[in-house]
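**Student:** I have a structure I would like to understand better, so I am pasting it below and will then ask my questions one at a time.
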Amino acid sequence: MSTLLQKIDSFFSQKSDFEKLVYYSLIFLMIVFIAYEYILPLSKKKLAQERRAKEAIEQKLNMDKAYIASISRNGDETYLIKQLLKEKKEKKEKLAYLLDEKNYLSIKLKELTPLLYNKKKWASFLDSITAKANKYKIDVEYIANEFIQNTKEFGHVLEIEVDAKGNFKNILAFLNSLEESDLVTDVYEISMKGKSPIQLHLKVSVWGINY
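Written out as structure tokens, the structure reads:
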């Protein structure tokens, strides 16, 4: 490097002041040319990129400001968030209310189950008459049933007629078990004759609501 500088110094030491000025001018012009042809375009490109980046940032800021303004009320930038939280709370409360209503209806439906017409349960009740008679040592001689549809009043009615015999205590227990059914039953006609065994004749109605 020092050798190169020495050669340059030696070269210029042999030149007149005018020649040195010419060489310096040529070197300056070369630097200006290189700067104009290569460095300046790069600078312009860089400047354009920075300008575009600035414009993009400003556009994004303007969009953000517009969005904030759209969700604000009276200068409150959290208005929409508060509104959404309020709606969420209201929906949560409504859901809790509906769940309570559902549970309430489920309970009420269970309470109404014995009142509803259910053909399968009525068939089971018919079968239970014989089972209860056997339990209380009642001899069933005759049993008949008739299905009546009563649309004007309650809905459906199952009329049951039974002839049986047994001792007085067992007959009372048998009748009591019929009335304690979870269905809506009505022992509406009873007649007892004789002493030992007592001859029993009874009529039972089973009611059910249409649904």
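Numbering follows this note's numbering, with no gaps: position 2 of the sequence shown is 1459. Glycine included, every Cβ here is placed at the ideal spot set by N, Cα and C.
Let's see if you can read the secondary structure: which residues bound the beta strand (DSSP E) around aspartate 1584?
**Tutor:** Aspartate 1584 -> not in any beta strand (DSSP E); alpha helix (DSSP H) instead, spanning 1576-1592.
**Student:** Using the Cα positions of lysine 1594 and glycine 1623, report the straight-line distance between them to the nearest angstrom.
**Tutor:** If I take the Cα positions, the gap works out to 7 Å.
**Student:** For arginine 1508 and glutamine 1516, I'd like the C-alpha separation in whole angstroms.
**Tutor:** Their Cα atoms are separated by approximately 12 Å.
**Student:** In three-state terms, what does DSSP make of glutamate 1637?
**Tutor:** DSSP places glutamate 1637 in coil when its eight states are reduced to three.
**Student:** Just how far apart, CA to CA, sit serine 1482 and phenylalanine 1475?
**Tutor:** Cα to Cα, serine 1482 sits roughly 10 Å from phenylalanine 1475.
**Student:** How long is the line joining the alpha carbons of phenylalanine 1549 and aspartate 1639, rounded to whole angstroms?
**Tutor:** The amino acid occupying residue 1549 in the given sequence is lysine; phenylalanine does not appear at that position. Lysine 1549 and aspartate 1639: Cα-Cα distance of roughly 39 Å.
**Student:** With DSSP as the reference, label asparagine 1602 as helix, strand or coil.
**Tutor:** Strand.
**Student:** How is threonine 1460 classed by DSSP in three states: helix, strand or coil?
**Tutor:** DSSP places threonine 1460 in helix when its eight states are reduced to three.
**Student:** Grab me the residues of serine 1653's own chain with a C-beta within less than 8 Å of its C-beta, minus the 5 sequence neighbours each way, in chain order.
**Tutor:** Correct list, in chain order: Asn1624.
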